[in-house]
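Peer 1: Counted the way this note's numbering counts, the sequence shown spans residues 36 to 450.
This is the structure, below, for whatever I ask next.
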Amino acid sequence: MSITRDQIRELAAFADSQSCAVSFYFQPSTPRNKAHREDTILIKDLAREALHRLESQGPEGKAKKDSARADVDRVVRLSGELRSNGTHAKAVFACAAQNVWHEYDLPATLPGTQLFVDRHFHLKPVAHLLGAFPRVGIVLVDRHRARIFDLRLGELTEREGLFQPLSRKGRSDGYAGYDGGHAQRRVDDEALHHFKAIAQVLKDSLEKGVFEKWILGCQDIHRSPLESQLHPYASQALLGRFPADVGHVTNDQIRVHAEEIVERWQADRRQQLASEAVSRARSHSRGVTGLRRVLRSLELGEVQTLLIGENFQAHAVECSGCGHLDAHLVSFCPVCGRATQEVVDVGEAILPWVIRRDIEMFFVKDDAEFDKVGNIAALLRFRSDSAQPIDFAAAAQLGRAGAAYPGRLRRFASR
Ligand SMILES: [Zn+2]
């Protein structure tokens, strides 16, 4: 089963007070003879390390280890079945104490096989998918045939029945029965009608939101006859093309080509959004950079698109009461006054929050300029600070209490 947006949202809402939520990601190694055996050894090592880490946390850790052990053991047993052909990755989210065990197939684009035991599920690899996958349609065409596929989070399914009027030609090549110029003209006419019909289906599908972007698979000679018929709207939504023979291409080939094209498009888009956020932050318009500013904008509900460096690492504290995240390692929450807990990886800690609010999110790779501004940034839908009056009395009070304040109550913020 592949994972849906709603399921990811549900996972993001999950918490285990015992910190025994197990997240397991399996990325198949490239298919070679020994690969499967190597995968199994790696998973056993990860399991041993995870349990060892829990145990090293003292008596409390011992209890956690006992509680997580059943799930970790089950993951290890599962690894025996992951005799993968390299086309799918897998994710498992488990918490035996709360009777939770979910398995999902993922596209085989994970950074690696990983195992985590924590209070929340580890969601970075699936969060990648949310940012990386618009609803994509794949259209395969030649002069007589057309097939449409959906690509959703690594799952490819064919849409049937969109081209009924043309189906009388079946999947044969269709040329055999025609002779002479007259027949040839008829063939050309039919091909033109055919391409027009496809262009219409594409326009309708995009307008109805059946897919947001699409990819064309065909032989080179069919490209311009089809593309010259496209509605401008459909042309704009075209992510890329790959060479394919409608009758012979396999589903795996289609998926691999399409994922490559989506990935390239996303990389460009990420880059573009990242530099936009940086330049907007510089001009104090709708953009912020740096952890402190980004956390504040998240809490103010300003964030439209969040950009996090692939290797972003930062500590923060989380309030055990109201959930406020603070880049300053304060012992007490500046919002509600309760004790805070240290968060080792704030990039992971904000994910449940971001996912539940449907904030668009991208992970930025190898971008020196982005790195310089703190490796985290956001594009804002609005900027609330300029319009807010400052409550000087409250700010002074906070000042006396020694709180450096980046938090949720906007009236305290100085800019
Ligand atoms: Zn609080």
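Cβ atoms here follow ideal geometry from the backbone N, Cα and C, with glycine treated the same way.
Would you kindly check if the distance between the Cβ of Leu415 and the Cβ of Gly322 is under 8 Å?
Peer 2: The residue you call residue 322 lines up with position 287 of the sequence shown. The residue you call residue 415 lines up with position 380 of the sequence shown. Yes.
Peer 1: In three-state DSSP terms, what is Thr75?
Peer 2: To locate residue 75, count along the sequence shown from 1; it is residue 40. Helix at Thr75.
Peer 1: For ligand 1, any of its heavy atoms closer than 7 Å to the Cβ of Tyr363?
Peer 2: To locate residue 363, count along the sequence shown from 1; it is residue 328. Here residue 363 is His; the residue named in the question, Tyr, does not match the sequence. Flag unset: Cβ of His363 not near ligand 1.
Peer 1: Mark Gln219 as exposed unless 16 or more other C-beta atoms lie within 10 angstroms of its C-beta, in which case mark it buried.
Peer 2: Looking up residue 219 in the sequence shown gives position 184. So Gln219 ends up on the exposed side.
Peer 1: Does the Cβ of Gly322 lie closer than 7 Å to at least one heavy atom of ligand 1?
Peer 2: Taking the sequence shown and counting its residues from 1, one reaches residue 322 at position 287. No, the Cβ of Gly322 stays beyond 7 Å of every heavy atom of ligand 1.
Peer 1: Reducing DSSP to helix, strand and coil, say where Gln348 ends up.
Peer 2: Numbered from its first residue, the sequence shown carries residue 348 at position 313. It is coil, neither helix nor strand.
Peer 1: Taking the beta strand (DSSP E) that Ser58 falls in, what are its first and last residues?
Peer 2: Counting from 1 along the sequence shown, the entry for residue 58 is found at position 23. Per DSSP, Ser58 belongs to the beta strand (DSSP E) from 56-61.
Peer 1: Would you say Ala126 and Asp106 are within 8 Å of each other, going by their C-beta atoms?
Peer 2: Position 91 of the sequence shown holds residue 126. Position 71 of the sequence shown holds residue 106. Going by C-beta atoms, Ala126 is not nearer than 8 Å to Asp106.
Peer 1: In chain order, what residues place their C-beta within less than 6 Å of a heavy atom belonging to ligand 1?
Peer 2: Residues flagged by the Cβ proximity filter: Cys354, Gly356, Cys357, His359, Cys368, Val370, Cys371, Arg373.
Peer 1: Fully enclosed by the region 121-192, which alpha helix (DSSP H) runs are 4 residues long or longer?
Peer 2: Entirely contained in the region 121-192, the alpha helix (DSSP H) runs reaching 4 residues are, in chain order, 159-167.
Peer 1: Pop quiz: Glu337 and Phe417 are said to be a contact at Cβ under 8 Å. What is the actual Cβ separation, rounded to whole angstroms?
Peer 2: Your numbering for residue 337 matches position 302 in the sequence shown. Your numbering for residue 417 matches position 382 in the sequence shown. Yes, they are in contact, since the Cβ atoms of Glu337 and Phe417 sit about 6 Å apart, within 8 Å.
Peer 1: Is the beta carbon of Tyr60 sitting closer than 8 Å to the one on Gln149?
Peer 2: Working through the sequence shown from its first residue, we reach residue 60 at position 25. Working through the sequence shown from its first residue, we reach residue 149 at position 114. A contact, by the Cβ cut-off of 8 Å.
Peer 1: At what residue ranges does the region 231-274 contain a whole run of the beta strand (DSSP E), taking only runs of 3 or more?
Peer 2: The qualifying runs are 248-253.
Peer 1: Just how far apart, CA to CA, sit Leu273 and Gln264?
Peer 2: Here the question's residue 273 lines up with position 238 in the sequence shown. Here the question's residue 264 lines up with position 229 in the sequence shown. Their backbone Cα atoms lie some 13 Å apart in a straight line.
Peer 1: Whose C-alpha, out of Pro260, Thr192, Gln92, is nearest the C-alpha of Asp287?
Peer 2: As a working note, residue 287 is residue 252 in the sequence shown. When each option's Cα is compared against that of Asp287, the closest is Thr192.
Peer 1: Would you check if the region 229-244 and the region 136-154 touch, i.e. whether three or more CB-CB distances between them fall below 8 Å?
Peer 2: Touching, no, given that fewer than three Cβ pairs across the two stretches are closer than 8 Å.
Peer 1: In the DSSP assignment, find the unbroken beta strand (DSSP E) run with Ile385 in it and report its ends.
Peer 2: Within the sequence shown, the letter at position 350 stands for residue 385. Taken as a continuous stretch (DSSP letters only), Ile385 belongs to no beta strand (DSSP E), as it is neither H nor E.
Peer 1: Among the residues of its own chain, which have a CB less than 7 Å from the CB of Asp280, if the five just before and after it don't count?
Peer 2: The residue you call residue 280 lines up with position 245 of the sequence shown. Here the set comprises Gln254.
Peer 1: Is it buried or exposed, Thr340, if we count other Cβ atoms within 10 angstroms and call 16 or more buried?
Peer 2: Within the sequence shown, numbered from 1, the residue matching residue 340 stands at position 305. Classification of Thr340: buried, given that the 10 Å Cβ count is 16 or more.
Peer 1: Taking Cβ to Cβ, would you say His283 is nearer than 8 Å to Ala234?
Peer 2: Counting from 1 along the sequence shown, the entry for residue 283 is found at position 248. Counting from 1 along the sequence shown, the entry for residue 234 is found at position 199. No.
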